[in-house]
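Take a look at the structure set out below.
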Amino acid sequence: MNPERKQHNAACHCGTVRFRVQLTDEFSTIRRCSCSYCRMRGAVAASAQLEGIEFIEGVVNLTLYQFNTGTAKHYFCKTCGIYTHHQRRSNPSQFGINVACIEGISPFDFPEVTVMDGVAHPSDTAAGPRVAGVLKFQAMI
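Position 36 (the sequence shown) corresponds to 36 in UniProt numbering; numbering is contiguous.
Structure representation (structure tokens):
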């Protein structure tokens, strides 16, 4: 980890898996994905380089899920089932970090979240990454 970049504390729901993460661009490029798996998971992810994550405890409690090409690696806490992060298929040198796991952050803190086109995945097309839309949250009063 780069000591000059901000570190965020993060954990799964039950607290068994704890980690620190340095985001590549803080929260300026948070996103969701429209692939079959991410649509069901519904998480908002922020980017981190592979070396930007440090597990404090519980790394042995993570379980791995892979599907389709098996390139992306999705990690979950075995105890509470919360998705903590994944190694991206579109950029294997990056993790997508579940922003809901970051201390003091809620995915509802962001009024707009870009949704990437995971159905026509950038690794499957020559066109590169495409935006599928923007999800807008409204505050409920």
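Note that the Cβ used here is the ideal one computed from N, Cα and C, for glycine as well. Being a predicted model, the structure only gives us computed values, none of them experimental.
Can you list the beta strand (DSSP E) stretches of 3 or more residues lying completely in the UniProt domain "CENP-V/GFA" (8-124), in chain order?
-> Within the UniProt domain "CENP-V/GFA" (8-124), the complete beta strand (DSSP E) segments of 3 residues or longer fall at 8-11, 18-21, 31-33, 45-49, 53-57, 62-65, 73-77, 83-87, 94-98 and 112-116, listed in chain order.
Sequence-distant residues of the same chain with beta carbon closer than 6 Å to F55, five excluded per side | Answer for F55: F19, listed in chain order.
Is it right to say L50 is buried, meaning 16 or more other beta carbons lie within 10 angstroms of its own, or is it exposed?
-> A residue is called buried when at least 16 other Cβ atoms come within 10 angstroms of its Cβ; L50 does not meet this threshold and is exposed.
For F76, does the count of other Cβ atoms within 10 angstroms reach 16, so buried, or fall short, so exposed?
-> Counting Cβ neighbours within 10 Å, F76 comes out buried, since at least 16 surround it.
Beta carbon of C101, beta carbon of T79: below 8 Å?
-> Here C101 is not near T79, since their CB atoms are 8 Å or more apart.
Residues in its own chain within less than 7 Å of A48 by CB, not counting five upstream and five downstream?
-> Cβ neighbours of A48 beyond the five flanking positions: V21, Q22, L23, T24, Q94, F95 and I97.
In whole angstroms, what is the alpha-carbon distance linking N9 and G52?
-> Distance between N9 and G52, taken at the CA atoms: about 12 Å.
Spatial neighbours of N61 in its chain, beta-carbon cut-off 7 Å, leaving aside the 5 residues before and after | Here the set comprises T16, V17, C77, K78 and T79.
Since I believe P107 is in contact with V99 (beta carbons under 8 Å), could you give me their beta-carbon distance rounded to a whole number of angstroms?
-> The Cβ separation is near 5 Å, so the contact holds.
State buried or exposed for R39, treating a residue as buried only when at least 16 other CB atoms are found within 10 Å of its CB.
-> Exposed, by the Cβ-count rule.
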